[in-house]
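For reference, the structure is listed below as structure tokens.
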Amino acid sequence: QKEVEQDPGPLSVPEGAIVSLNCTYSNSAFQYFMWYRQYSRKGPELLMYTYSSGNKEDGRFTAQVDKSSKYISLFIRDSQPSDSATYLCAMTFTGGGNKLTFGTGTQLKVEL
Amino acid sequence: GAVVSQHPSRVICKSGTSVKIECRSLDFQATTMFWYRQFPKQSLMLMATSNEGSKATYEQGVEKDKFLINHASLTLSTLTVTSAHPEDSSFYICSARDLTGNTIYFGEGSWLTVV
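Taken in sequence, the protein lines are chains A and B.
All residue numbers for the first sequence refer to this note's numbering, where the first residue is 1 and numbers rise by one.
All residue numbers for the second sequence refer to this note's numbering, where the first residue is 113 and numbers rise by one.
Quick look at the structure:
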């Protein structure tokens, strides 16, 4: 079993839809959770960073963490074609050498 | 957000030669930088962790003599692929940890093609 599980997709939604992207993890030591967006042939771009259970909102993006269930989500409201990319969840913990453990990434396509 | 710059973004080299990729944190200091390799449609594979002023820590299976990493300052780490072969062709990405927290920012990546 991988430490971080993420559905690779592809996920196709119409423009304006609410998108839900999810990751589950098995290591309860993970404390810090990140979501990155990666466009084709580019480096990942940090979207959201959270470290506590609950919701964190930034514009059209909401990151949700449920440590009791070892489950994190990223919601995208009013999705746009420019949101089409691969979304990677990543997590780490203090004392873990600051290494990130990644999900496999979910490929999202927002269609007109 | 913080900016991490990688150079070159694309490089083509001949088999047997060496190529150096630079990773710079432009507006923050980074004691730790990371080097990844990514194959098409796959997630990032951590190659090594680079700490300023000390030797890099390589992941299992990564040849330290082939992938030389130097982290000479708080804003610069370099990856040198020595005696490159076509199978080294890949997308190499660096990341840097912000000193103030646990946030990690990525560079734009460098495409290496060995012919």
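Note that beta-carbon positions come from the ideal geometry of N, C-alpha and C, so glycine has one too.
Everything numeric in this text was worked out from a predicted model, so none of it was measured.
| Query | Result |
| --- | --- |
| Interface flag, LEU188 (chain B) vs chain A, CB-CB below 7 angstroms | no |
| CB of SER222 (chain B) within 7 angstroms of CB of GLN118 (chain B), strictly | yes |
| Neighbourhood of PRO198 (chain B) by C-beta, 8 angstroms cutoff - its chain only, sequence neighbours within 5 removed | SER127, VAL226 and VAL227 |
| Inter-residue Cα distance where the pair is ALA26 (chain A) and PHE203 (chain B) | Position check: residue 26 (chain A) holds Ser in this sequence, whereas Ala was assumed. One C-alpha to the other measures close to 29 angstroms. |
| Helix, strand or coil at PRO14 (chain A) [DSSP, three-state] | strand |
| Outcome for VAL151 (chain A) when other beta-carbon atoms lying within 10 angstroms are tallied against a minimum of 16 | This structure cannot settle anything about residue 151 (chain A), because the visible part of chain A is limited to 1 through 112. |
| Alpha carbon of LEU180 (chain B) to alpha carbon of ALA85 (chain A), nearest angstrom | 31 angstroms |
| Pair within 7 angstroms by beta-carbon distance, SER112 (chain A) and LEU11 (chain A) | The amino acid occupying residue 112 (chain A) in the given sequence is Leu; Ser does not appear at that position. Taking 7 angstroms as the Cβ cut-off, LEU112 (chain A) and LEU11 (chain A) do not qualify as a contacting pair. |
| Per-residue burial, THR190 (chain B) [other beta carbons within 10 Å of its own, 16 or more giving buried] | buried |
| Whether ILE71 (chain A) touches LEU21 (chain A) by CB criterion (7 angstroms) | In the sequence as displayed, the identity of residue 71 (chain A) is Tyr instead of Ile. Against a cut-off of 7 angstroms, the Cβ pair of LEU21 (chain A) and TYR71 (chain A) comes out as no contact. |
| Proximal chain B residues relative to LYS44 (chain A), where beta-carbon distance stays under 7 angstroms | Correcting the residue identity first, residue 44 (chain A) is Pro in this sequence and not Lys. Correct list: PHE218. |
| Residue of B:LEU158, B:GLN172 and B:LEU138 minimising C-alpha distance to ILE205 (chain B) | B:LEU158 |
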